[in-house]
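*Asks:* My questions all concern the structure below.
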Amino acid sequence: MENEMMTHRKSDIQSKNRRGQSPLIGVVLMIGLVTVSVVGVLLIGSSAVHQIRGTVGVQNAEHAMREADARLSQVAFGTNDEHILDFGGQDGNVEVTNDGAMTISLVNGSNPACSRRIEFGAIEYHGADGEVVAYQAGGVWKRTENGSVMISPPDMQYRNGTFSFQLVNVTGSASGPVERLRATKNVTASRADSEAFRETFDAPRCTPPDNATLTVESDYYRAWADFFRTHVDGGTVAVDDANETASLTVILSGSTAESDDNSVSTQRNASVSVDVLGTEISSGGNLNWVQNDTTGEWEVHGTKRNAPINMRINVGDDTYEPWGDGVGPTDVIRHDINDPTNGEHYHFSENVTAGDVISVEGTAYGIGSVDWGSSATKRLNQYESGGERYDYVWESYRTDYEGSLMTNIVVEADGTGTNEGNVVLLSDGMAVPGYGSANPEQRNMSQMLGGRINDTGYLDLDPNEFVLVYELSCPDATTDDIGTGKCGSGDPDYNDAVVLISIHEDGSVGEPEDFRIHVTMNQVTIERADG
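Anchor point for the sequence shown: position 130 equals 229 in my numbering, and the numbering is continuous, going up by one each time.
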């Protein structure tokens, strides 16, 4: 019995001990969890604080570099030859580097390129996280593990044929934690560098240039490339990752194309666009006097039947027939560009290779039958009677079946072809021949050319624009036949079609004779000013 009671008592004691241990273990576990949490918070918080400090440090550095940019501009371009740059409160290191450069090259025909290399330095702030903010060549840049970006642009622009760049070259050897830097302009070196630059590019063999290329070697070369793309219109930008360079090339458009009597050839790879400015082969009749209900003015009204015209575009070895509405019983009608119901907005563009010859051939047919269900009203020339001028208003109709072939112009690159004299090429500054219009229902050349002909009768075209004029109703004609009545009714008049050819080369920006390059070199010495 006694043994039994002792056994129960021992069991109760063990049970009480276990119950007593449970709160103790819970307290220990809670303390452990709190400790782990506190350590985790401290670690995460420390990382976050470090990241925030790094971000704030870079932002402060960007602000400091913008301030330095303003001060350096005052030193380089103003009357104050010295200034203090404040970098106080920065956690990172500031260093002056000397590993940037810019090469400018002008090419003039077969002459050796006129080229000059300009070396320039940078003031760099190196943050704790590896980010770098720098002042270089008049701009502020930032480099991270993801690449480089521009914070503020350098003083460089291309406008109205003039390339201008005010370059600031910082030199020195300051490095490490820096509170203040002293910037001093080296007047003698700045003048010598600017003069040497002018002498290089004022040489006769350098002007007028065919193209100009600017190449920047920099740790921030990709940001420079972005600057070129966004701040220079018409330039071609290239990036060379292996050499860490960004290049900008501007091509002077006056050297892109050469013209022949009836075709154009390209000197370099480019793009060509062809636009029909107007077509006029027609027959008019049924004239009546009609009083305009709105204006009360008297007008001459008539009907106008349009003859079919097809055109083909040759680019090198390829031939295109892109125009017409594709509607009609025959291939000729489907490609008719003299259909008054289809408008006159015919445009074609294609890339061309250097040396390609571009020509636009035309074919005209007689009027077989007229689609009297089609019509388009055009107010064209004016009619003069008794000293008064009246508007001609023509109701124009399309042909639904072509008649016999009138003229087919074939232009071959080697100078052979058929009826090649029936198309004439005109370029900027040429006098527009007084071909006029054969019939009153037809527009004259000045109406089709519009603003491309000036008040004195000369063509006013953009660089690398050319006008083609066509005689399509009188085969085997030349301009010498004008006024002879060779084909009757005033033909040949070279007023049957007018086409505009435009050559555009990527990077083309202006006329060579108008190109100017102005680079001002300013050397600024950087040294510590902490003491």
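All C-beta atoms in this analysis are idealised placements derived from N, C-alpha and C, irrespective of residue type, glycine included.
(1) DSSP three-state label for Gly587, please.
(2) Report all residues from its chain with a CB closer than 6 Å to the CB of Val618; omit the five preceding and five following residues, and keep chain order.
(3) Buried or exposed: where does Gly533 fall if 16 or more other Cβ atoms within 10 Å of its Cβ makes it buried?
(4) Go through its chain and collect everything with a Cβ distance to Gly377's Cβ below 8 Å, but skip five positions before and after it.
(5) Where Ser98 and Lys403 are concerned, what is the direct C-alpha to C-alpha distance, given to the nearest angstrom?
(6) Between the beta-carbon of Thr624 and the beta-carbon of Thr287, is there less than 9 Å?
(7) What are the boundary residues of the beta strand (DSSP E) that Glu487 is part of?
(8) From the DSSP output, read off the bridge partner residues of Asp601.
(9) Rounded C-beta distance between Val373 and Ile600? I'm assuming under 8 Å.
(10) To the nearest angstrom, how far is the alpha carbon of Leu525 from that of Tyr557?
(11) Between Ser251 and Asp318, how many whole angstroms is the CB-CB distance? I'm expecting something under 8 Å.
(12) Rounded to the nearest angstrom, what separates Ser346 and Ala337 at their Cα positions?
(13) Are Ile457 and Val414 touching if we call contact CB-CB under 9 Å?
(14) Please say whether Ile508 and Glu460 have beta carbons closer to each other than 9 Å?
(15) Return the first residue and the last residue of the alpha helix (DSSP H) that Ala212 is part of.
(16) Output the distance between the C-alpha atoms of Ala628 and Met249, rounded to the nearest integer angstrom.
(17) Suppose the cutoff is 7 Å on Cβ atoms and the five residues either side in sequence are ignored; what does the same chain contact list for Ser473 look like?
(18) For Leu184, which residues does DSSP report across the bridge?
(19) Contact defined as beta carbons within less than 8 Å: I believe Thr299 pairs with Arg216. What is the distance between those atoms, to the nearest angstrom?
(20) Which one or two residues does DSSP pair with Ser358 in a beta bridge?
(21) On the three-pair Cβ rule with 8 Å, is the segment 571-583 touching the segment 511-521?
(22) Taking only the alpha-carbon atoms, compute the straight-line gap between Pro276 and Val315 and give it to the nearest angstrom.
(23) Span of the alpha helix (DSSP H) holding Trp323?
(24) Can you tell me where the beta strand (DSSP E) with Asp443 in it begins and where it stops?
(25) Expressed to the nearest angstrom, what Euclidean distance is found between the alpha-carbon atoms of Phe327 and Gly395?
(26) Can you look up Gly533 in the DSSP assignment and give me helix, strand or coil?
(27) State buried or exposed for Trp323, treating a residue as buried only when at least 16 other CB atoms are found within 10 Å of its CB.
(28) Using 10 angstroms around the beta-carbon of Lys477, count the other beta-carbons present and answer buried if the total reaches 16, otherwise exposed.
(29) Under the three-state reduction of DSSP, which class applies to Glu298: helix, strand or coil?
(30) Look at Glu626 and Ala273 and say whether their C-beta atoms are less than 9 Å apart.
(31) Taking 7 Å as the limit between beta carbons, can you name the residues of its chain near Leu205, skipping five residues before and five after?
(32) Rounded to whole angstroms, what is the Cα-Cα separation between Arg170 and Ile183?
(33) Out of curiosity, what's the CA-to-CA distance linking Gly187 and Gly237?
(34) For Asn437, collect the residues of the same chain with a Cβ closer than 7 Å to its Cβ; drop the 5 residues on either side in sequence, then sort them by chain order.
(35) Just the C-alpha distance for Trp55 and Tyr445, rounded to the nearest angstrom, thanks.
*Replies:* Per the coordinate set shown:
(1) Counting from 1 along the sequence shown, the entry for residue 587 is found at position 488. Correct three-state label for Gly587: coil.
(2) Within the sequence shown, residue 618 is the residue found at index 519, counting from 1. Same-chain partners within the cutoff: Phe264, Phe296.
(3) Reading the sequence shown from its first residue, position 434 is the one you call residue 533. Answer is exposed; the Cβ neighbour count stays below 16.
(4) Indexing the sequence shown from 1 puts residue 377 at position 278. Once the five neighbours on either side are set aside, the close Cβ partners of Gly377 are Glu443, Arg542, Gln546, Met547, Ala596, Val597.
(5) Residue numbering for the chain in the displayed model covers 100 to 630; residue 98 lies beyond these limits and cannot be assessed.
(6) Position 525 of the sequence shown holds residue 624. Position 188 of the sequence shown holds residue 287. Contact: no.
(7) What you label residue 487 is simply residue 388 of the sequence shown in a count that begins at 1. From DSSP, the beta strand (DSSP E) with Glu487 extends over 487-507.
(8) On the sequence shown, position 502 is the one that residue 601 refers to. Just to set this straight, residue 601 is Ser in the shown sequence, not Asp. Bridge partners of Ser601: Ser372, Glu564.
(9) Looking up residue 373 in the sequence shown gives position 274. Looking up residue 600 in the sequence shown gives position 501. Confirmed, Cβ separation roughly 6 Å.
(10) Numbered from its first residue, the sequence shown carries residue 525 at position 426. Numbered from its first residue, the sequence shown carries residue 557 at position 458. About 10 Å.
(11) Counted from its first residue, the sequence shown places residue 251 at position 152. Counted from its first residue, the sequence shown places residue 318 at position 219. That belief does not hold up - the Cβ atoms of Ser251 and Asp318 are roughly 17 Å apart, past 8 Å.
(12) Residue mapping note: residue 346 aligns to position 247 of the sequence shown, counting from 1. Residue mapping note: residue 337 aligns to position 238 of the sequence shown, counting from 1. Distance between the alpha carbons of Ser346 and Ala337 is about 5 Å.
(13) Numbered from 1 along the sequence shown, position 358 holds the residue referred to as residue 457. Numbered from 1 along the sequence shown, position 315 holds the residue referred to as residue 414. A contact, by the Cβ cut-off of 9 Å.
(14) Taking the first residue of the sequence shown as position 1, residue 460 is located at position 361. Taking the first residue of the sequence shown as position 1, residue 508 is located at position 409. It is a contact, given that the beta carbons lie within the stated cut-off.
(15) As a working note, residue 212 is residue 113 in the sequence shown. Element bounds for Ala212: n/a, residue is neither H nor E.
(16) To locate residue 628, count along the sequence shown from 1; it is residue 529. To locate residue 249, count along the sequence shown from 1; it is residue 150. Each residue's Cα considered, the two are about 28 Å apart.
(17) Position 374 of the sequence shown, counted from the first residue, corresponds to residue 473. Cβ within range, chain order: Thr440, Tyr496, Arg497.
(18) Position 85 of the sequence shown holds residue 184. Leu280.
(19) As a first step, residue 299 must be located in the sequence shown, where it is residue number 200. As a first step, residue 216 must be located in the sequence shown, where it is residue number 117. Their Cβ separation, rounded to whole angstroms, is 10 Å, which puts Thr299 and Arg216 out of contact at 8 Å.
(20) In the sequence shown, the residue the question calls residue 358 occupies position 259. Answer by DSSP bridge pairing, in chain order: Val363.
(21) yes
(22) Mapped onto the sequence shown, residue 276 falls at position 177. Mapped onto the sequence shown, residue 315 falls at position 216. Each residue's Cα considered, the two are about 29 Å apart.
(23) The sequence position of residue 323 within the sequence shown is 224, counting from 1. Note, Trp323: alpha helix (DSSP H), 320-330.
(24) Translated into the one-based positions of the sequence shown, residue 443 becomes position 344. In the sequence under discussion, the amino acid at residue 443 is Glu, which differs from the Asp named in the question. That residue, Glu443, is in no beta strand (DSSP E); it is neither H nor E in DSSP.
(25) Locating residue 327 in the sequence shown gives position 228, where the first residue counts as 1. Locating residue 395 in the sequence shown gives position 296, where the first residue counts as 1. Those two C-alpha atoms are separated by around 59 Å.
(26) Position 434 of the sequence shown, counting from 1, holds the residue named residue 533. Correct three-state label for Gly533: coil.
(27) Indexing the sequence shown from 1 puts residue 323 at position 224. Label assigned to Trp323: buried.
(28) Position 378 of the sequence shown, counted from the first residue, corresponds to residue 477. Counting Cβ neighbours within 10 Å, Lys477 comes out exposed, since fewer than 16 surround it.
(29) Looking up residue 298 in the sequence shown gives position 199. Of the three classes helix, strand and coil, the one that applies to Glu298 here is helix, per DSSP.
(30) Mapped onto the sequence shown, residue 626 falls at position 527. Mapped onto the sequence shown, residue 273 falls at position 174. Against a cut-off of 9 Å, the Cβ pair of Ala273 and Glu626 comes out as a contact.
(31) The residue given as residue 205 occupies position 106 in the sequence shown. Cβ within range, chain order: Ala212, Cys213, Phe300, Cys305, Pro308, Ala311.
(32) Translated into positions along the sequence shown, residue 170 becomes position 71. Translated into positions along the sequence shown, residue 183 becomes position 84. The straight-line gap from Cα to Cα measures roughly 8 Å.
(33) Within the sequence shown, numbered from 1, the residue matching residue 187 stands at position 88. Within the sequence shown, numbered from 1, the residue matching residue 237 stands at position 138. Those two C-alpha atoms are separated by around 22 Å.
(34) Within the sequence shown, residue 437 is the residue found at index 338, counting from 1. If we look at Asn437 and ignore the five residues flanking it on each side, its Cβ neighbours are Thr378, Ile380, Asn405, Ala406, Pro407, Ile408.
(35) Residue 55 lies beyond the residue range present for the chain, which begins at 100 and ends at 630; the question has no answer from this structure.
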